[in-house]
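Peer 1: Using our numbering, you'd call the opening residue of the sequence shown number 2 and step up by one each time.
Have a look at this one.
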Amino acid sequence: MESLEFCDLCFQRGKTNLCETYKNTFTKISPLHFSQQARLDKILNRLEVRPRLIDRRWTCIIDPPKRKEFLDSLLGINVTVHTLDDHVKVLTKFYKPEIRNLGSFEQVELPSLESWEEFNPKLRNWDIIKVNQKNNKFIAKAHLGNILKCMNFEGINYFRTYLNNNLPILAPMEKRGAYNIMATISEPITVYWKVDSTNEHGFIENKQLLNIPDEICNILRRLGTIDKRIPGMLLFDDDDFDLVKKILGCIKIDLVKSSETIVTLSEKKSEMPITIERLEKERLQVLIDIIKEMGGKIESEKDHFTISGKRGSVKLTFVENDKSVQDGIEIRISVSALEDPSRFTEILYMIKKRLGLLDLPLESMISQHWPIIIDSDLQYVVQTAISWWTNNSILASNIIGEKDKFSKVKEWYSKIKEGKIRSNLDTITLGKIIKFSEDKQ
2 MESLEFCDLC FQRGKTNLCE TYKNTFTKIS PLHFSQQARL DKILNRLEVR
52 PRLIDRRWTC IIDPPKRKEF LDSLLGINVT VHTLDDHVKV LTKFYKPEIR
102 NLGSFEQVEL PSLESWEEFN PKLRNWDIIK VNQKNNKFIA KAHLGNILKC
152 MNFEGINYFR TYLNNNLPIL APMEKRGAYN IMATISEPIT VYWKVDSTNE
202 HGFIENKQLL NIPDEICNIL RRLGTIDKRI PGMLLFDDDD FDLVKKILGC
252 IKIDLVKSSE TIVTLSEKKS EMPITIERLE KERLQVLIDI IKEMGGKIES
302 EKDHFTISGK RGSVKLTFVE NDKSVQDGIE IRISVSALED PSRFTEILYM
352 IKKRLGLLDL PLESMISQHW PIIIDSDLQY VVQTAISWWT NNSILASNII
402 GEKDKFSKVK EWYSKIKEGK IRSNLDTITL GKIIKFSEDK Q
């Protein structure tokens, strides 16, 4: 997901210096004067925050208790910032809660005899349309003003029905526009906000948020998070209930607090270390290889590693907890962090700093070593390679790798060219990287 994709309306009068791309994550989107940057660095140093590059953008992540102090400090140095709260204020102006009723049920000619569905405003899902063939024409019945979608091997196309000289016809639409119209004709519904036993987190089931506009989906995913151990849920800070309620309210969804409590895996899990043999070998190997390249020495035990460097040694254990923490000479690593490149980077930085290992460019090293196991791995590898292509074609080629890794990237690219799947990534540049890699071999 491109976090800034839907901020175009927010920046009509010019971009701010920083943008809150995700909750408490601030990214530089326009240049700062060197004196402003120096003062910003002092603020971050005081707050014990280390900025880093994420997708080649200057980014800092602020601990929630320090958020207000950070934002107040920006005012003092004249650094502008676009927060998620600001984004919601702009976004909600463009959605009105009134309902637009559909027109009459009319016969309409379709361009093809394929799989057609009509949006159901009451249930917010899709109804299959029966298509009949008459005199070499494909005829179906649908409501005027409604959205239809056609599914074929090339993908999904959207249309809206309307009258032209008293004749019902179809007008093709982009998905983004179609879903915004669907929001205006949808009937009001209620969804439920459940909390955990700590009352610190709120949960909304994904299945309650069917067919919502991309703009709304974008802000919800920026404000909340997804935890793979709690599938099918969006996770928010409980303090954000009113903000989420405001977002959903603009598309006629009433968010109500439920009396039901979610029992999360964090309440069941143990602090006991996970044995090394239970860890995913490919991801663990990335950690081992990069530590060795930084000059670290590794000794393996049943349930931990001992890593040695210039400043001593640390014990590396792996646990089911949400966060990775350093406790004296022990570093406890969340196993879920092994699947997240940004959290993976934080772990390696922690080890590097603690042991005085070689100061190597971790982001580019991780992208080159990163295995492709699930779809998010593939997206990360491809996106990172594309971002490096213009400035460093060799690095871009190294990122998509050789042998098995390269084969997976090339297979995915081939499916896009054949129309079997679609992607928002720059596949033209990806094609250049693949050709460059093949020419090297």
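Positions of the beta carbon are idealized from the N, C-alpha and C atoms, including for glycine.
Please report the straight-line C-alpha distance between LEU249 and ASN126, rounded to a whole angstrom.
Peer 2: Spanning the two alpha carbons is a distance of roughly 17 Å.
Peer 1: What separation, rounded to the nearest whole angstrom, lies between the Cα atoms of SER271 and THR226?
Peer 2: Residue placement at SER271 is flagged as unreliable, the pLDDT there being 49, under the threshold of 50; a coordinate-derived value is accordingly withheld.
Peer 1: Three-state secondary structure (DSSP) at HIS144?
Peer 2: Residue state, collapsed to three classes: strand.
Peer 1: Roughly how many angstroms separate the alpha carbons of LEU254 and THR191, rounded to a whole number?
Peer 2: The sequence shown places Ile at residue 254, not Leu. ILE254 and THR191: Cα-Cα distance of roughly 6 Å.
Peer 1: Give me the residue from LEU164, GLY15 and PRO169 with the minimum Cα distance to ALA141.
Peer 2: Minimum Cα distance to ALA141 is reached at PRO169.
Peer 1: Taking contact to mean at least 3 C-beta pairs separated by less than 8 Å, is the region 232–252 in contact with the region 200–215?
Peer 2: Yes: the two stretches touch, three or more of their Cβ pairs being nearer than 8 Å.
Peer 1: Is LEU114 buried or exposed, if buried means 16 or more other CB atoms sit within 10 Å of its CB?
Peer 2: Exposed, because fewer than 16 other Cβ atoms sit within 10 Å of the Cβ of LEU114.
Peer 1: Going by DSSP, name the residue or residues bridged to VAL82.
Peer 2: Partner(s): LEU19.
Peer 1: On the CB-based measure, 16 or more other CB atoms within 10 Å of its CB, does GLU119 come out buried or exposed?
Peer 2: With 16 or more other Cβ atoms within 10 Å, it is buried.
Peer 1: If you pair each beta-carbon of the region 82–100 with each one of the region 56–64, do three or more pairs fall below 8 Å?
Peer 2: The region 82–100 vs the region 56–64: no contact.
Peer 1: Considering just the uninterrupted stretch of the alpha helix (DSSP H) at VAL326, what are its terminal residues?
Peer 2: VAL326 -> not in any alpha helix (DSSP H); beta strand (DSSP E) instead, spanning 326–328.
Peer 1: Which runs of the beta strand (DSSP E) fall wholly inside the region 19–55 and span at least 3 residues, in chain order?
Peer 2: Within the region 19–55, the complete beta strand (DSSP E) runs of at least 3 residues are 19–23, 26–29 and 53–55.
Peer 1: May I have the straight-line CA-CA distance separating LEU244 from LYS69, to the nearest angstrom?
Peer 2: So the alpha carbons of these two residues sit roughly 17 Å apart.
Peer 1: What's the gap between the Cα of LYS418 and the Cα of GLY156?
Peer 2: Rounded to the nearest angstrom, the two C-alpha atoms are 12 Å apart.
Peer 1: For PRO189 and CYS218, I'd like the C-alpha separation in whole angstroms.
Peer 2: Going by the C-alpha atoms only, they are around 17 Å apart.
Peer 1: Would you list, in sequence order, the uninterrupted beta strand (DSSP E) runs of no fewer than 3 residues that lie entirely inside the region 215–280?
Peer 2: Runs of the beta strand (DSSP E) inside the region 215–280: 234–238 and 254–263.
Peer 1: Whole angstroms are fine: how far does the CA of LEU256 sit from the CA of MET174?
Peer 2: Taking the straight line from one Cα to the other gives about 30 Å.
Peer 1: Who are GLU403's beta bridge partners in DSSP?
Peer 2: Looking at the DSSP assignment, GLU403 forms no beta bridge with any residue, so it has no partner.
Peer 1: Quick one: measure Cβ to Cβ for ASP215 and TYR193, integer angstroms, because I've assumed they're closer than 8 Å.
Peer 2: Not really, about 23 Å apart at Cβ, beyond 8 Å.
Peer 1: Give me the residue from ASN153, ASN133 and TYR163 with the minimum Cα distance to GLY146.
Peer 2: Comparing Cα positions, the closest option is TYR163.
Peer 1: Since ALA172 is in the beta strand (DSSP E), which residue starts that stretch and which ends it?
Peer 2: It spans 168–174 - the beta strand (DSSP E) in which ALA172 sits, taken as one unbroken run.
Peer 1: For the beta strand (DSSP E) holding LEU111, just list the boundary residues, first then last.
Peer 2: Note, LEU111: beta strand (DSSP E), 106–111.
Peer 1: For PRO362, count neighbouring Cβ atoms within 10 angstroms of its own Cβ and tell me buried if that reaches 16, exposed if not.
Peer 2: Answer is exposed; the Cβ neighbour count stays below 16.
Peer 1: Would DSSP call PHE95 helix, strand or coil?
Peer 2: Looking at PHE95 - three-state DSSP - the assignment turns out to be coil, as it is neither helix nor strand.
Peer 1: Using three-state DSSP, classify HIS305 as helix, strand or coil.
Peer 2: Three-state DSSP puts HIS305 in coil, outside helix and strand.
Peer 1: With distance defined between alpha-carbon atoms, name the residue in SER314, ASN153 and ARG161 nearest to LEU171.
Peer 2: Measuring from the Cα of LEU171, the nearest candidate turns out to be ARG161.
Peer 1: Sort out for me which residues DSSP pairs SER116 with in a bridge.
Peer 2: Note: SER116 sits in a beta bridge opposite MET152.
Peer 1: Is ARG355 near the ligand PLP, going by C-beta to nearest heavy atom under 7 Å?
Peer 2: Ligands displayed in this structure: none; no statement on the ligand PLP is therefore possible.
Peer 1: Inspect the CB distances between the region 326–335 and the region 348–357 and report whether three or more fall short of 8 Å.
Peer 2: Contact between the region 326–335 and the region 348–357 is present, because at least three Cβ pairs lie under 8 Å.
Peer 1: Look up PHE437 in the DSSP assignment and say whether it is helix, strand or coil.
Peer 2: Helix, per DSSP.
Peer 1: Please classify VAL109 as buried or exposed, where buried requires at least 16 other C-beta atoms within 10 Å of its C-beta.
Peer 2: The residue in question, VAL109, is buried, as its Cβ has 16 or more Cβ neighbours within 10 Å.
Peer 1: Can you list, in chain order, the residues of its chain whose CB lies under 8 Å from that of ARG423, leaving out five sequence neighbours each side?
Peer 2: Counting only Cβ-Cβ distances below 8 Å, and skipping sequence neighbours, we find GLY156 and ILE417.
Peer 1: Output the boundary residues of the beta strand (DSSP E) element that contains ARG197.
Peer 2: Rather than Arg, the amino acid found at residue 197 in this sequence is Asp. Note, ASP197: beta strand (DSSP E), 190–197.
Peer 1: Starting from TRP389 and walking both ways along the alpha helix (DSSP H), at which residues does that stretch end?
Peer 2: 376–389 is the extent of the alpha helix (DSSP H) around TRP389.
Peer 1: State buried or exposed for ILE435, treating a residue as buried only when at least 16 other CB atoms are found within 10 Å of its CB.
Peer 2: With 16 or more other Cβ atoms within 10 Å, it is buried.
Peer 1: Please list, in chain order, all residues of the same chain as PHE242 whose beta carbon is under 8 Å from its beta carbon, the five residues on each side excluded.
Peer 2: Within the same chain, PHE242 has close Cβ partners TRP194, GLY203, LEU256 and LYS258.
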